[in-house]
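**Q** Line by line, the protein sequences give chains A and W.
Per numbering that gives the first Met the number 0, the very first residue in the first sequence carries number 0; after that it's consecutive.
Per numbering that gives the first Met the number 0, the very first residue in the second sequence carries number 0; after that it's consecutive.
We treat Cβ as the ideally placed atom computed from N, Cα and C, and that holds for glycine.
Number of protein chains: 2
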Amino acid sequence: MKQDRVTAVYLVETAYSLERAAASIAGEQSTGTFTAVPGETDDLKQRHGARVESIEALEETDTPSLPGAKTPPGHDGKYRRGRVTVSFPLHNFGPSIPNLMSAVAGNLYELQELSGLRLLDLELPDAFASRYTGPKFGIEGTRKLTGVYDRPILGTIVKPSIGLTTGELSDLVGKLARAGMDFIKDDELNANPPYAPLADKVEAVMAAVERAADATGKKLMYAFNITGDYDELRRNHDLVVKAGGTCVMVSILSIGLSGLAYLNQFSEVPIHGHRNQWGMLTRSPLLGIEFTAYQKLCRLAGADHLHVNGLNSKFYESNESVVRSIAACSAPLFGGYKAMPVVSSAQWAGTAPATYAATGTVDVMHLAGGGMLAHPDGPAAGFESMKLGWEAAVQGIPLDIYAAQHPSLQKAIEKYGKG
Amino acid sequence: MKQDRVTAVYLVETAYSLERAAASIAGEQSTGTFTAVPGETDDLKQRHGARVESIEALEETDTPSLPGAKTPPGHDGKYRRGRVTVSFPLHNFGPSIPNLMSAVAGNLYELQELSGLRLLDLELPDAFASRYTGPKFGIEGTRKLTGVYDRPILGTIVKPSIGLTTGELSDLVGKLARAGMDFIKDDELNANPPYAPLADKVEAVMAAVERAADATGKKLMYAFNITGDYDELRRNHDLVVKAGGTCVMVSILSIGLSGLAYLNQFSEVPIHGHRNQWGMLTRSPLLGIEFTAYQKLCRLAGADHLHVNGLNSKFYESNESVVRSIAACSAPLFGGYKAMPVVSSAQWAGTAPATYAATGTVDVMHLAGGGMLAHPDGPAAGFESMKLGWEAAVQGIPLDIYAAQHPSLQKAIEKYGKG
Numbered sequence: 000m001k002q003d004r005v006t007a008v009y010l011v012e013t014a015y016s017l018e019r020a021a022a023s024i025a026g027e028q029s030t031g032t033f034t035a036v037p038g039e040t041d042d043l044k045q046r047h048g049a050r051v052e053s054i055e056a057l058e059e060t061d062t063p064s065l066p067g068a069k070t071p072p073g074h075d076g077k078y079r080r081g082r083v084t085v086s087f088p089l090h091n092f093g094p095s096i097p098n099l100m101s102a103v104a105g106n107l108y109e110l111q112e113l114s115g116l117r118l119l120d121l122e123l124p125d126a127f128a129s130r131y132t133g134p135k136f137g138i139e140g141t142r143k144l145t146g147v148y149d150r151p152i153l154g155t156i157v158k159p160s161i162g163l164t165t166g167e168l169s170d171l172v173g174k175l176a177r178a179g180m181d182f183i184k185d186d187e188l189n190a191n192p193p194y195a196p197l198a199d200k201v202e203a204v205m206a207a208v209e210r211a212a213d214a215t216g217k218k219l220m221y222a223f224n225i226t227g228d229y230d231e232l233r234r235n236h237d238l239v240v241k242a243g244g245t246c247v248m249v250s251i252l253s254i255g256l257s258g259l260a261y262l263n264q265f266s267e268v269p270i271h272g273h274r275n276q277w278g279m280l281t282r283s284p285l286l287g288i289e290f291t292a293y294q295k296l297c298r299l300a301g302a303d304h305l306h307v308n309g310l311n312s313k314f315y316e317s318n319e320s321v322v323r324s325i326a327a328c329s330a331p332l333f334g335g336y337k338a339m340p341v342v343s344s345a346q347w348a349g350t351a352p353a354t355y356a357a358t359g360t361v362d363v364m365h366l367a368g369g370g371m372l373a374h375p376d377g378p379a380a381g382f383e384s385m386k387l388g389w390e391a392a393v394q395g396i397p398l399d400i401y402a403a404q405h406p407s408l409q410k411a412i413e414k415y416g417k418g
Numbered sequence: 000m001k002q003d004r005v006t007a008v009y010l011v012e013t014a015y016s017l018e019r020a021a022a023s024i025a026g027e028q029s030t031g032t033f034t035a036v037p038g039e040t041d042d043l044k045q046r047h048g049a050r051v052e053s054i055e056a057l058e059e060t061d062t063p064s065l066p067g068a069k070t071p072p073g074h075d076g077k078y079r080r081g082r083v084t085v086s087f088p089l090h091n092f093g094p095s096i097p098n099l100m101s102a103v104a105g106n107l108y109e110l111q112e113l114s115g116l117r118l119l120d121l122e123l124p125d126a127f128a129s130r131y132t133g134p135k136f137g138i139e140g141t142r143k144l145t146g147v148y149d150r151p152i153l154g155t156i157v158k159p160s161i162g163l164t165t166g167e168l169s170d171l172v173g174k175l176a177r178a179g180m181d182f183i184k185d186d187e188l189n190a191n192p193p194y195a196p197l198a199d200k201v202e203a204v205m206a207a208v209e210r211a212a213d214a215t216g217k218k219l220m221y222a223f224n225i226t227g228d229y230d231e232l233r234r235n236h237d238l239v240v241k242a243g244g245t246c247v248m249v250s251i252l253s254i255g256l257s258g259l260a261y262l263n264q265f266s267e268v269p270i271h272g273h274r275n276q277w278g279m280l281t282r283s284p285l286l287g288i289e290f291t292a293y294q295k296l297c298r299l300a301g302a303d304h305l306h307v308n309g310l311n312s313k314f315y316e317s318n319e320s321v322v323r324s325i326a327a328c329s330a331p332l333f334g335g336y337k338a339m340p341v342v343s344s345a346q347w348a349g350t351a352p353a354t355y356a357a358t359g360t361v362d363v364m365h366l367a368g369g370g371m372l373a374h375p376d377g378p379a380a381g382f383e384s385m386k387l388g389w390e391a392a393v394q395g396i397p398l399d400i401y402a403a404q405h406p407s408l409q410k411a412i413e414k415y416g417k418g
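Printed below as a string of structure tokens:
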């Protein structure tokens with residue numbers, strides 16, 4: 000690990016040679032302009048230039064992935080793909096996430112020399128860890144606050160996502176808390192709407208959570224969606240903490256990595272990082288950012304929990320990609336900075352075995368909305384079926400065999416297992 | 000204009016019927032989940048559901064634009080494209096840009112029912128204007144501060160972008176200010192680097208600007224790149240204002256729309272909005288956001304100047320798209336909120352006639368880096384050649400005819416006109 004440079008790995012597609020494309024990337028993002036200017040000395044280039052570290056050729060294709068790409072005279076019709084590693088002197092921008100992004104992403108996606116560009120990975124020197132303290136709670140802190148060990152933290156998303164009154168919501172939460180649920184989150188569509196202001200919601204929900212805790216001895220973790228503008232982040236966070244809440248949720252792309260880092264400066268409870276809008280940055284295979292790179296920035300900025308979709312979800316993402324994301328979030332960064340991956344979307348008890356088989360870990364949050372709340376025998380049975388699904392998975396017992404002794408699991412299979 | 004709903008226009012591609020895709024969008028982003036849940040009453044759907052307002056069928060294609068799209072049983076192999084307009088009840092999220100984004104973008108880009116989705120336009124009710132005050136300076140305020148009327152504000156970008164010492168930079172700025180230049184901006188790669196801290200830069204550059212103003216009677220506008228984390232935005236802004244600076248620049252995608260709105264709460268000088276990283280959100284034609292929609296959010300959040308690339312630039316963007324962006328930035332929003340479009344990238348005197356012919360306006364900032372600084376007779380001649388280029392354009396005189404009487408323009412054509 001170079002302590003004085005940032006290393007970025009790109010997937011590149013170009014009608015030119017990979018060498019030329021790599022040089023364009025390095026030039027555009029450091030000392031270059033389209034024509035030589037006075038003052039651009041060799042010494043300056045040496046001290047501040049980005050450097051092409053390696054180029055690995057991959058496949059060729061006949062069609063450019065993105066529009067507006069230039070071709071060289073006498074172009075052979077081929078677009079070359081490759082993995083290109085470029086390093087940037089840290090002193091060009093210092094350990095600043097906002098300015099790092101201008102350097103490693105910046106105008107690169109618009110270059111005519113490229114018909115495809117995707118940021119695959121980032122290696123950041125320790126100076127970033129001195130500036131950004133990362134998750135304060137992470138996996139361990141979240142387990143401690145919920146009192147749940149040796150299995151995934153199981154929870155649900157408030158459904159319907161929109162429209163419940165504060166009274167309806169707190170009744171629902173009270174019921175789910177008494178059913179023994181570990182965790183509930185607001186929907187990302189539901190933050191501080193005029194029809195059910197966050198202040199009222201926090202007060203009513205936390206009263207229901209505390210009453211249930213008095214009865215059951217277990218305090219449910221509720222992630223209040225505090226997404227909002229800068230001034231609201233602090234105000235909303237303080238509302239939650241003052242009422243005894245143990246988690247705040249934000250839409251990371253709505254508040255930006257800077258907003259997340261700001262929240263992390265004063266947050267007293269885990270930050271549940273929702274990644275809605277992320278599809279925009281990643282669904283085109285030759286554009287944007289791979290989650291492997293992005294999750295590092297989210298963790299650096301302080302996300303304790305990070306959404307990663309789920310296996311066999313309602314989204315476009317492949318299971319392989321979801322599994323990669325789960326592994327990425329809990330791989331050490333600066334020797335720690337672990338975030339808890341949040342598995343969700345079309346989940347139910349039956350998605351536990353596949354998730355465990357593919358990841359080999361129980362250090363995840365596993366969330367089911369309809370897959371728990373719409374269980375034929377109600378949410379408590381839904382929650383139980385999820386626990387049973389994971390028990391079966393970890394013990395290596397086929398789900399239908401385990402279900403024969405466990406009616407709640409059996410009914411979950413009957414309801415959700417036909418899809 | 001509906002005052003109680005937000006309207007979003009999407010370009011959609013789907014293997015299903017456009018009707019079904021539109022219903023998925025409306026359902027996912029309001030009351031839906033993958034299975035019916037208790038409490039999702041008709042009354043709740045009525046009050047909080049998103050509504051499909053119109054569907055306009057466009058062309059069909061044989062290949063899906065994005066990966067991971069599902070097809071219906073018996074799929075005919077066609078992917079249908081259409082313009083789909085969906086409206087959302089404002090009371091689902093209130094006039095909040097961060098929560099608006101979770102609603103109009105959110106998880107939509109990941110839906111399997113869609114093989115393409117692009118947010119084309121947004122119509123926002125006046126409640127947003129009450130919450131976000133928009134540009135404080137805009138076109139008029141910027142003209143007043145620079146004293147430049149009836150022609151574009153002409154300026155340059157510091158080049159080399161990286162590596163000049165504070166002394167070298169202030170010498171350069173002093174020289175350019177004495178040459179009569181209207182405007183200079185930092186490069187987006189250069190904010191507050193360890194080798195030339197912003198505090199030193201601001202002090203040295205503003206001293207040079209003031210000395211030049213004493214000599215020439217005209218004060219150059221310098222846009223200091225203050226991009227950074229939240230606490231730095233205020234500190235950096237205050238540094239600039241205290242030193243007599245008249246503009247701050249931010250990379251909007253680095254600080255997020257929330258960061259921009261935060262800065263706009265206390266800014267005392269125009270905010271120069273750089274859009275690096277934007278390519279990620281827009282270069283794939285069936286993904287992301289069209290600038291027509293995004294620029295509205297930038298203006299709402301307070302951008303006084305907005306980068307739009309330039310005609311015949313080094314970037315992939317078509318001239319038509321650049322022209323659309325220029326028109327969009329200065330079209331009224333809430334009856335005002337105009338931002339000054341910033342035309343840049345591979346610009347020189349010769350790009351003025353095409354820009355004027357296509358846009359019919361002089362209300363732009365026209366920036367040239369190498370195209371001014373590398374002029375054979377130096378930057379003052381470069382600046383003069385740009386002014387002459389616009390004079391010729393507005394008067395409808397062909398550039399080479401005008402150049403016959405103006406050596407600085409003639410030399411610019413000789414240097415840059417061969418490309």
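Since W:L99 and W:V5 are thought to touch, with beta carbons under 8 Å apart, how far apart are those beta carbons, to the nearest angstrom?
**A** For the purposes of this step, residue 99 of chain W is taken as residue 100 along the second sequence, with counting starting at 1. For the purposes of this step, residue 5 of chain W is taken as residue 6 along the second sequence, with counting starting at 1. Correct: roughly 7 Å between the Cβ atoms.
**Q** Per DSSP, which one or two residues make a beta bridge with A:P88?
**A** Residue numbering aside, residue 88 of chain A sits at position 89 when the first sequence is read from its first letter. Bridge partners of A:P88: A:R4.
**Q** Within 7 Å (strictly less), CB to CB, does A:L398 reach chain W?
**A** As a working note, residue 398 of chain A is residue 399 in the first sequence. Closer than 7 Å: no.
**Q** Checking 7 Å against the spacing of the C-beta atoms, do A:A348 and A:S312 come in under that value?
**A** For the purposes of this step, residue 348 of chain A is taken as the residue at position 349 of the first sequence. For the purposes of this step, residue 312 of chain A is taken as the residue at position 313 of the first sequence. Cβ atoms of A:A348 and A:S312: not closer than 7 Å.
**Q** Could you check if W:P159 belongs to the surroundings of the ligand FAD, using beta carbon to heavy atom distance under 6 Å?
**A** Absence of the ligand FAD from the depicted structure is noted, as is the absence of any ligand whatsoever, leaving it without description.
**Q** Bridge partners of W:K184, per DSSP?
**A** Counting from 1 along the second sequence, the entry for residue 184 of chain W is found at position 185. DSSP lists W:I156, W:A222 as partners of W:K184.
**Q** Does DSSP put A:T60 in a helix, a strand or coil?
**A** The residue labelled residue 60 of chain A in the question sits at position 61 within the first sequence. Strand, per DSSP.
**Q** What does the alpha-carbon distance come out to for the pair A:D170 and A:M180?
**A** Walking along the first sequence from the start, residue 170 of chain A turns up at place 171. Walking along the first sequence from the start, residue 180 of chain A turns up at place 181. Each residue's Cα considered, the two are about 14 Å apart.
**Q** Please state the DSSP three-state secondary structure of A:E316.
**A** As a first step, residue 316 of chain A is located in the first sequence; it is residue number 317 there, counting from the start. In this structure, A:E316 counts as coil in the three-state DSSP scheme.
**Q** Of all the CB atoms in chain A, is at least one closer than 7 Å to the CB of W:Q111?
**A** Taking the second sequence and counting its residues from 1, the one referred to as residue 111 of chain W is at position 112. True, the Cβ-Cβ gap to chain A drops below 7 Å.
**Q** Give every residue of the same chain whose Cβ lies closer than 6 Å to the Cβ of W:A357, excluding the five residues on either side of it in the sequence, and list them in chain order.
**A** Indexing the second sequence from 1 puts residue 357 of chain W at position 358. Hits under 6 Å: V322.
**Q** Taking three-plus beta-carbon pairs below 8 Å as touching, is the region 242-252 of chain A in contact with the region 188-207 of chain A?
**A** Touching, yes, given that three or more Cβ pairs across the two stretches are closer than 8 Å.
**Q** Hey, which unbroken runs of the beta strand (DSSP E) at 3 residues or more fall wholly within the region 87-166 of chain W?
**A** DSSP runs (the beta strand (DSSP E)) wholly in the region 87-166 of chain W: 115-122, 152-156.
**Q** Assuming A:G381 contacts A:Q346 (C-beta within less than 8 Å), just tell me the rounded distance between them.
**A** Working through the first sequence from its first residue, we reach residue 381 of chain A at position 382. Working through the first sequence from its first residue, we reach residue 346 of chain A at position 347. That belief does not hold up - the Cβ atoms of A:G381 and A:Q346 are roughly 11 Å apart, past 8 Å.
**Q** Can you list, in chain order, the residues of its chain with a C-beta nearer than 6 Å to that of A:F33? Leave out the 5 residues immediately preceding and following it.
**A** The count along the first sequence starts at 1 and reaches residue 33 of chain A at position 34. Residue placement at A:F33 cannot be trusted, given a pLDDT of 46 that sits under 50; the coordinates are not used to answer.
**Q** Can you round the beta-carbon distance between A:E112 and A:K69 to whole angstroms, since I take them to be within the 8 Å contact cut?
**A** Position 113 of the first sequence holds residue 112 of chain A. Position 70 of the first sequence holds residue 69 of chain A. Right, the Cβ-Cβ distance comes to about 6 Å (below 8 Å), so this counts as a contact.
**Q** Quick one: give me the first and last residue of the beta strand (DSSP E) that W:V342 is part of.
**A** As a position in the second sequence, residue 342 of chain W is number 343, starting the count at 1. Taken as a continuous stretch (DSSP letters only), the beta strand (DSSP E) holding W:V342 covers 339-342.
**Q** Would you please verify whether the beta carbon of W:E383 is less than 7 Å from any beta carbon of chain A?
**A** Working through the second sequence from its first residue, we reach residue 383 of chain W at position 384. For W:E383, the answer is no, since every Cβ of chain A falls outside 7 Å of its Cβ.
**Q** Could one say the Cβ of W:I412 lies closer than 7 Å to chain A's Cβ atoms, at least one of them?
**A** Here residue 412 of chain W refers to the residue found at position 413 when the second sequence is read from its first residue. So, not an interface residue.
**Q** With 7 Å set as the bound, which would you pick, yes or no: does the beta-carbon of A:T226 sit closer than that to a beta-carbon of chain W?
**A** Walking along the first sequence from the start, residue 226 of chain A turns up at place 227. True, the Cβ-Cβ gap to chain W drops below 7 Å.
**Q** What's the C-alpha gap between A:K135 and A:D303?
**A** The residue labelled residue 135 of chain A in the question sits at position 136 within the first sequence. The residue labelled residue 303 of chain A in the question sits at position 304 within the first sequence. Using only the alpha carbons, I get a separation of about 7 Å.
**Q** With 7 Å set as the bound, which would you pick, yes or no: does the beta-carbon of A:H271 sit closer than that to a beta-carbon of chain W?
**A** The residue labelled residue 271 of chain A in the question sits at position 272 within the first sequence. For A:H271, the answer is no, since every Cβ of chain W falls outside 7 Å of its Cβ.
**Q** Which residues of the region 311-322 of chain W have a Cβ closer than 8 Å to any Cβ of chain A? Give them in chain order.
**A** Hits within the stretch, in order: K313, F314, Y315, E316, S317.
**Q** Across which residues does DSSP place A:E12 in a beta bridge pair?
**A** Locating residue 12 of chain A in the first sequence gives position 13, counting from the first residue. A:R80, A:G115, per the DSSP bridge assignment.
**Q** What are the boundary residues of the beta strand (DSSP E) that includes A:S250?
**A** Taking the first residue of the first sequence as 1, we reach residue 250 of chain A at position 251. Segment 246-250, the beta strand (DSSP E) holding A:S250.
**Q** Could you check the C-alpha separation between W:Y108 and A:E289 for me, to the nearest Å?
**A** Against the second sequence, residue 108 of chain W aligns to sequence position 109. Against the first sequence, residue 289 of chain A aligns to sequence position 290. Near 15 Å, if we compare the C-alpha coordinates of A:E289 and W:Y108.
**Q** Select from the region 90-110 of chain W all residues with a C-beta closer than 8 Å to any C-beta belonging to chain A, and list them in chain order.
**A** Those residues of the region 90-110 of chain W that come within reach of chain A (Cβ to Cβ, closer than 8 Å) are H90, N91, F92, G93, S95, I96, P97, N98, M100, S101, A102, A104, G105, N106, L107, Y108, E109, L110.
**Q** Rounding to the nearest angstrom, what Cα-Cα distance links W:S495 and W:A351 in this structure?
**A** The question about residue 495 of chain W has no answer here: the residues shown for chain W are numbered 0 through 418.
**Q** Identify each residue in the region 282-293 of chain A for which the Cβ-Cβ distance to at least one residue of chain W is less than 9 Å, and report them in chain order.
**A** Of all residues in the region 282-293 of chain A, R282, S283, P284, L285, L286, G287, I288 have a Cβ within less than 9 Å of some Cβ in chain W.
**Q** At which residues does the alpha helix (DSSP H) containing W:H47 begin and terminate?
**A** Reading the second sequence from its first residue, position 48 is the one you call residue 47 of chain W. Per DSSP, W:H47 belongs to the alpha helix (DSSP H) from 41-47.
**Q** Is it true that the CB of A:D186 sits closer than 7 Å to the CB of A:I156?
**A** In the first sequence, counting from the first residue as 1, residue 156 of chain A sits at position 157. In the first sequence, counting from the first residue as 1, residue 186 of chain A sits at position 187. Yes, Cβ-Cβ distance for A:I156 and A:D186 is below 7 Å.
**Q** Let me know the secondary structure DSSP gives A:G335 once reduced to three states.
**A** Residue 335 of chain A sits at position 336 when you count from the first residue of the first sequence. A:G335: strand per DSSP, three-state reduction.
**Q** Just the chain A side, please: which residues come within less than 8 Å of W:G173 by C-beta, in chain order?
**A** On the second sequence, position 174 is the one that residue 173 of chain W refers to. In chain order: nothing, as chain A lies at least about 14 Å away.
**Q** Counting C-beta neighbours from all protein chains within 10 Å, is the total for A:G227 16 or more, i.e. buried, or is it exposed?
**A** Numbered from 1 along the first sequence, position 228 holds the residue referred to as residue 227 of chain A. Counting Cβ neighbours within 10 Å, A:G227 comes out buried, since at least 16 surround it.
**Q** In the DSSP assignment, what residue or residues form a beta bridge with A:S53?
**A** Numbered from 1 along the first sequence, position 54 holds the residue referred to as residue 53 of chain A. In DSSP, A:S53 forms a bridge with A:T84.
**Q** Between W:A198, W:L262, W:E267, W:G368, which lies nearest to W:L238 when the distance is taken from Cα to Cα?
**A** By one-based count along the second sequence, residue 238 of chain W stands at place 239. Comparing Cα positions, the closest option is W:A198.
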